[in-house]
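Numbering (my numbering), first residue to last: -9 to 263. Every residue gets a Cβ at the ideal spot worked out from N, C-alpha and C, and that includes glycine.
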Ligand code: GLP
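Rendered as structure tokens:
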């Protein structure tokens, strides 16, 4: 896995990367680009930049198919904090994605297991995910796969960790009681099946998870480390999220920064540490 550190806006970097991937793919109705999408605070800027690229005529979503990672159980779609409304607000209502090409788990499904199985089947029918973009929980979760989740999990109903409920209370009037306690989430295996993965971590609250990834091996208590087993994985981070890297990693990074101070990003490979 490579860690890309940038001190330009993370959202701009990620949106430009996605734009390049989609255009290099030349998607068509027969062969659409299949994009896995996240929600959360970190990726708000990424969506803003995707919308700008689209409005500037630089990014066409006509032949793009999307699958979102997760959704809270029990929030109506029109609840302002449901991931259905988040996606409408930040992307779907603003670009030319065809409604039939967007997929979000239904947190109100009467049969959650059937809903999750249908979601996996839809991904398979679409030919798998070309690029899965994600955020990182403060506790290292990816989608809603909390610490302790097996690396081969598939889409299913999950319980949110107390630390996630606490972290996400900021979207629910700082009231932990209002945060749903369960969610439907793609599994770690669903994410790592994607042809490529790009995860974003910003701010010092993510520094511990980023530091763990850059240490040897995998750790079931840090789901983000599962991405190290993927042949084409990038973790994109800002300097604050890298503030707890081990001394050798910090040194390598500092060396690169000193060598190319004007670069837009610097890179560390987990295998080289
Ligand atoms: C939420 C989402 C995750 C997201 C993470 C980070 O709980 N389920 O998919 O990556 O938390 O959120 P934020 O970017 O707001 O820190």
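Asked	Found
Cutting at 6 Å between CB atoms, please list the residues of its own chain near residue 136, excluding the five before and the five after it.	151
Per DSSP, residue 75 is paired with what?	In DSSP, residue 75 forms no bridge with anything.
Work out the CA separation of residue 126 and residue 212 for me, nearest whole Å.	10 Å
Just list the beta strand (DSSP E) runs in the segment 67 to 146, keeping only unbroken ones of 3 residues or longer that don't cross its boundaries, in chain order.	121 to 125
Quick check on residue 64: does DSSP put it in helix, strand or coil?	coil
Enumerate in chain order the residues of its own chain whose CB-to-CB distance from residue 189 is below 8 Å, with the five nearest sequence positions on each side excluded.	123, 124, 125, 126, 132, 214, 217, 223, 224, 225 and 226
Rounded to whole angstroms, how far is the Cβ of residue 177 from the Cβ of residue 230, which I believe are closer than 8 Å?	Their Cβ separation, rounded to whole angstroms, is 29 Å, which puts residue 177 and residue 230 out of contact at 8 Å.
What first and last residue would you give for the alpha helix (DSSP H) that runs through residue 261?	No alpha helix (DSSP H) holds residue 261; DSSP gives it neither H nor E.
Per DSSP, which one or two residues make a beta bridge with residue 223?	187
May I ask you to report which of helix, strand or coil DSSP gives residue 169?	coil
Expressed to the nearest angstrom, what Euclidean distance is found between the alpha-carbon atoms of residue 88 and residue 82?	9 Å
In this structure, does DSSP put residue 151 in helix, strand or coil?	coil
Any heavy atom of ligand 1 within a distance shorter than 7 Å of the CB on residue 158?	yes
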